[in-house]
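Novice: For the sequence shown, the numbering used here assigns the number 1 to the initial residue and increments by one for each residue that follows.
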Amino acid sequence: MKATSAEAAKILRQLRDELSAVLHREANTRSFLAALGEDVESARPEYDYAEAQAAILVLEEKIRKVKHAINVFNTVTQVPGFDMTIDEMLVYLPQLSERVSKLAAMKDALPKARESTGYSRTGNVIDYRYANYDIRQAQADYTAAAELLARAQTALDLVNSTAQLELPV
């Protein structure tokens, strides 16, 4: 079955939901309580051990195969406009996001700002925090990094919604 990466992720999520439901159902029916003197058979929930284990094994295998297909796809599929695979891009995006966040704080800094000392110091000494970098350069670097992040996210979204992989399901 051919599917895009986005479709494969949805299939994987559905399989995990199915497995979760089977495990939950099993947990609720594999044992039960009956009061002393109560008819045990009337309190016994329907549960087939072999059937439950077989269903779990089938779903776990499907999950492994779909996850593996996605992983292989991610390691060999290039993201257009970037010299990296999807797998590399999935590492690069959080790094780039962190850089954008740091530069956002740096671009908004004042060249000289009064430092709040709170209650820990007494006296008339005032501390100032000075930016030890060019704030205009931080602004330019922020703009470039934010644009690169947006371009990278868009390129990854495009690949995930158009390139297809073979799913063994």
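Here a beta-carbon is modelled for each residue, glycine too, at the ideal position from N, C-alpha and C.
Compute the distance between the beta-carbons of Ile135 and Lys107, then report whether it is under 8 Å.
Specialist: Position 135 of the sequence shown, counted from the start, is the residue given in the question as residue 135. Position 107 of the sequence shown, counted from the start, is the residue given in the question as residue 107. Contact flag set, yes.
Novice: Within a Cβ cutoff of 8 Å, which residues of the same chain sit near Leu93, ignoring the five residues on either side of it in sequence?
Specialist: Here residue 93 refers to the residue found at position 93 of the sequence shown. Counting only Cβ-Cβ distances below 8 Å, and skipping sequence neighbours, we find Leu149, Ala152, Gln153, Leu156.
Novice: With DSSP run on the structure shown, which of helix, strand or coil describes Arg129?
Specialist: In the sequence shown, residue 129 corresponds to position 129, counting from 1. Correct three-state label for Arg129: strand.
Novice: How many whole angstroms separate the CB atoms of Ala163 and Ser31, which I take to be in contact at a CB cut-off of 8 Å?
Specialist: Your numbering for residue 163 matches position 163 in the sequence shown. Your numbering for residue 31 matches position 31 in the sequence shown. That belief does not hold up - the Cβ atoms of Ala163 and Ser31 are roughly 47 Å apart, past 8 Å.
Novice: Determine the burial state of Met89: buried for a count of at least 16 other Cβ atoms within 10 Å of its Cβ, exposed for fewer.
Specialist: To locate residue 89, count along the sequence shown from 1; it is residue 89. By the neighbour-count rule (16 or more Cβ atoms within 10 Å), Met89 is buried.
Novice: In three-state terms, what does DSSP make of Leu165?
Specialist: Here residue 165 is taken as the residue at index 165 of the sequence shown, counted from 1. Assigned with DSSP and collapsed to three states, Leu165 falls in strand.
Novice: Roughly how many whole angstroms lie between the Cα atoms of Leu102 and Val79?
Specialist: Here residue 102 corresponds to residue number 102 of the sequence shown, with the count starting at 1. Here residue 79 corresponds to residue number 79 of the sequence shown, with the count starting at 1. The sequence shown places Lys at residue 102, rather than the Leu named in the question. Their Cα atoms are separated by approximately 25 Å.
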